[in-house]
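A.B. asks: Okay, so the sequence shown: first residue is 1 according to the UniProt record's numbering, each after it adds one.
One structure coming up, written as structure tokens, with questions to follow.
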Amino acid sequence: MVAGEQGRHRMSGSREATGLDHDGGAPSGGAPSDGAWQGERRKIPVMIPMLGEEEAQAAADAVRSGWVAQGPRVAEFERQFAGLVGAGHGVAVSSCTTALHLALVLHEVGPGDEVIVPSLSFIATANAVRYVGATPVFADVELATGNLTVETIDAVRTPRTRAVIAVHQGGVPFDTEALRAAAGSWGVALVEDAACAAGSTAYGKPVGTGATVAAWSFHPRKVITTGEGGMLTVDDGDWATRLRRLREHGMNVSAADRHASAQPVLEAYLETAYNYRMTDIQAAVGLVQLGRLPGLVAQRRELAARYQELLAGIDGLVPVRDPAYGETNYQSFWVLLESFPVGRDEVLAELAAAGVSARRGIMAAHLEPAYADVTPPALPVTERLTRDSLILPLHHALTEDDQDHVVGVLRKLAGQ
């Protein structure tokens, strides 16, 4: 069901009783049909995962099957997800963070190497570089999309640059054609952090199509979820084989292959590797979620368009929009404050007082204590976006009344 069909009502089949807000980890309370209430108005979470009885049944079926670790459902989830994003192979892992780690291991990035990353990203992007002993180098982003560009990357590129991790920020695709061409000309690996981008497109194709390697997230804050979980997609079959080995302790044969064999199979461990596996319970949920993805993206785009229309009448607010070369899934709907009468923190406080759970704009890793030892180049756009932007509620259960309430608070703060 898309926004136009739901009108001012909620989408049926959602698990709204969870009250999952932002990270899926904290219940906001409330009755199944009512969500959480503040005074006379239901609290409006920034995000509610779309989880229904189909997901519950699929997870229960996996439990009853006896195969609850990595198994046939994971393999099918990999196959279907790769097909959805236009990649040759999918390799399911425990999170997007572990996917990024394995992507760098695959490219043999290590001590002495530099990896260019946006500071404007969840901290896992930069952390993955440190996992392999390399040095993260922060690059600035463009204001409209929050993404790296060829120019911002080139400004910090050195002879030690081994790779670039480019993020499709909040589901907004970066310029895939430009960045892929530039990385090829520079002779550096391009890892695509597509954590938020399932269902987004660039140049008329799904994000992930044509990527050397892309990393994905299924955290509850994303458009589709498996609770926790991630995926790598590649076109190269040998790379897929290596990634599957890396996620499973370096073992030369999968548990599924061993169990399927009529003869005893003695595994060998070919390299020191990791336990980054996804479970069949998660994959069972993921398979149901894949079927929901097109409808969820269509609904989010309708809701985003309505936000953009409503916000157009408020001075000092600039909402995120599609870039010229692609379409976003609007995993996050952010608004930039531009000469707005009050600052971001006051806006967040007023929204919270009105029962609206908004969030600060995307974090800047170089401003976090974990990276206090790093002296980055000037990152003016990054610092402006993290300081002056906020993320508004957007999810399948959001009603037009909810949107009107959110925008009404912003209009009042603007003095209009």
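All residues carry an ideal CB built from backbone N, CA and C; glycine is no exception.
Given the structure is predicted, the values throughout are model-derived calculations rather than measurements.
Taking the alpha carbon of T135 as the point to measure from, which residue in S65, S121, R387, V117 has its own alpha carbon closest?
C.D. replies: In the sequence shown, the residue the question calls residue 135 occupies position 135. Closest option to T135, Cα to Cα, is V117.
A.B. asks: By how many angstroms is the C-alpha of V342 removed from the C-alpha of Q169?
C.D. replies: Here residue 169 is taken as the residue at index 169 of the sequence shown, counted from 1. Here residue 342 is taken as the residue at index 342 of the sequence shown, counted from 1. Their backbone Cα atoms lie some 25 Å apart in a straight line.
A.B. asks: Return helix, strand or coil for P206, following the three-state DSSP convention.
C.D. replies: Position 206 of the sequence shown, counted from the start, is the residue given in the question as residue 206. Here P206 sits in strand by DSSP.
A.B. asks: Tell me the residue span of the beta strand (DSSP E) that contains P319.
C.D. replies: Against the sequence shown, residue 319 aligns to sequence position 319. Counting along the chain, the beta strand (DSSP E) containing P319 begins and ends at 317-319.
A.B. asks: Apart from the five residues on each side of it in sequence, which residues of its chain come closer than 6 Å, Cβ to Cβ, to A211?
C.D. replies: Your numbering for residue 211 matches position 211 in the sequence shown. Taken in chain order, the residues that qualify are E192.
A.B. asks: From which residue to which residue does the beta strand (DSSP E) around F122 run?
C.D. replies: As a working mapping, residue 122 is identified with position 122 in the sequence shown. From DSSP, F122 is part of no beta strand (DSSP E); its letter is neither H nor E.
A.B. asks: Quick one: what's got a C-beta closer than 6 Å to L311's C-beta in the same chain, skipping five residues either side?
C.D. replies: Numbered from 1 along the sequence shown, position 311 holds the residue referred to as residue 311. Excluding positions up to five away in sequence, the list reads L317, P319.
A.B. asks: Indicate whether the contact test is met: 3 or more Cβ pairs, each with one atom in the region 292-309 and one in the region 192-204, closer than 8 Å.
C.D. replies: They touch, by the three-pair rule.
A.B. asks: How long is the line joining the alpha carbons of L84 and K412, rounded to whole angstroms?
C.D. replies: In the sequence shown, residue 84 corresponds to position 84, counting from 1. In the sequence shown, residue 412 corresponds to position 412, counting from 1. Those two C-alpha atoms are separated by around 43 Å.
A.B. asks: To the nearest angstrom, how far is the alpha carbon of I362 from that of S389?
C.D. replies: Your numbering for residue 362 matches position 362 in the sequence shown. Your numbering for residue 389 matches position 389 in the sequence shown. Rounded to the nearest angstrom, the two C-alpha atoms are 8 Å apart.
A.B. asks: Taking a contact to mean a Cβ-Cβ separation below 8 Å, would you say L102 touches R277 in this structure?
C.D. replies: The count along the sequence shown starts at 1 and reaches residue 102 at position 102. The count along the sequence shown starts at 1 and reaches residue 277 at position 277. Taking 8 Å as the Cβ cut-off, L102 and R277 do not qualify as a contacting pair.
A.B. asks: Rounded to whole angstroms, what is the Cα-Cα separation between R258 and L385?
C.D. replies: In the sequence shown, the residue the question calls residue 258 occupies position 258. In the sequence shown, the residue the question calls residue 385 occupies position 385. About 50 Å.
A.B. asks: Using DSSP with H/G/I as helix, E/B as strand and the rest coil, what is K412?
C.D. replies: For the purposes of this step, residue 412 is identified with residue 412 of the sequence shown, where counting begins at 1. Note: K412 maps to helix in three-state DSSP.
A.B. asks: Considering just the uninterrupted stretch of the alpha helix (DSSP H) at L290, what are its terminal residues?
C.D. replies: Taking the first residue of the sequence shown as 1, we reach residue 290 at position 290. From DSSP, the alpha helix (DSSP H) with L290 extends over 280-311.
A.B. asks: Identify the continuous alpha helix (DSSP H) that holds S185 and give its terminal residues.
C.D. replies: For the purposes of this step, residue 185 is taken as the residue at position 185 of the sequence shown. 176-186 is the extent of the alpha helix (DSSP H) around S185.
A.B. asks: Is it buried or exposed, L398, if we count other Cβ atoms within 10 angstroms and call 16 or more buried?
C.D. replies: Here residue 398 corresponds to residue number 398 of the sequence shown, with the count starting at 1. Its Cβ being crowded by 16 or more others within 10 Å, L398 is buried.
A.B. asks: Looking only at its own chain, which residues have a Cβ that is under 8 Å from the Cβ of E383, when we skip the five neighbours before and after it?
C.D. replies: For the purposes of this step, residue 383 is identified with residue 383 of the sequence shown, where counting begins at 1. Here the set comprises A364, L367.
A.B. asks: Just the C-alpha distance for D34 and E54, rounded to the nearest angstrom, thanks.
C.D. replies: Reading the sequence shown from its first residue, position 34 is the one you call residue 34. Reading the sequence shown from its first residue, position 54 is the one you call residue 54. Legend: pLDDT at D34 = 40, less than 50; position of this residue unreliable, no value from coordinates given.
A.B. asks: Count the other CB atoms, across all protein chains shown, that sit within 10 Å of the CB of Q57; report buried if there are 16 or more and exposed otherwise.
C.D. replies: Here residue 57 is taken as the residue at index 57 of the sequence shown, counted from 1. So Q57 counts as exposed.
A.B. asks: Flag this pair as touching only if the region 216-227 and the region 239-254 have three or more C-beta atom pairs under 8 Å; answer yes or no.
C.D. replies: Taking 8 Å as the limit for Cβ pairs, the verdict is that the region 239-254 does not touch the region 216-227.
A.B. asks: Can you give me the C-alpha to C-alpha distance between S185 and D154, rounded to a whole angstrom?
C.D. replies: As a position in the sequence shown, residue 185 is number 185, starting the count at 1. As a position in the sequence shown, residue 154 is number 154, starting the count at 1. Looking at the two C-alpha atoms, the distance is approximately 12 Å.
A.B. asks: Confirm, please, whether the CB-CB distance from N252 to D268 is below 8 Å.
C.D. replies: As a position in the sequence shown, residue 268 is number 268, starting the count at 1. As a position in the sequence shown, residue 252 is number 252, starting the count at 1. The residue you asked about is not Asp; residue 268 is Ala in the sequence shown. A contact, by the Cβ cut-off of 8 Å.
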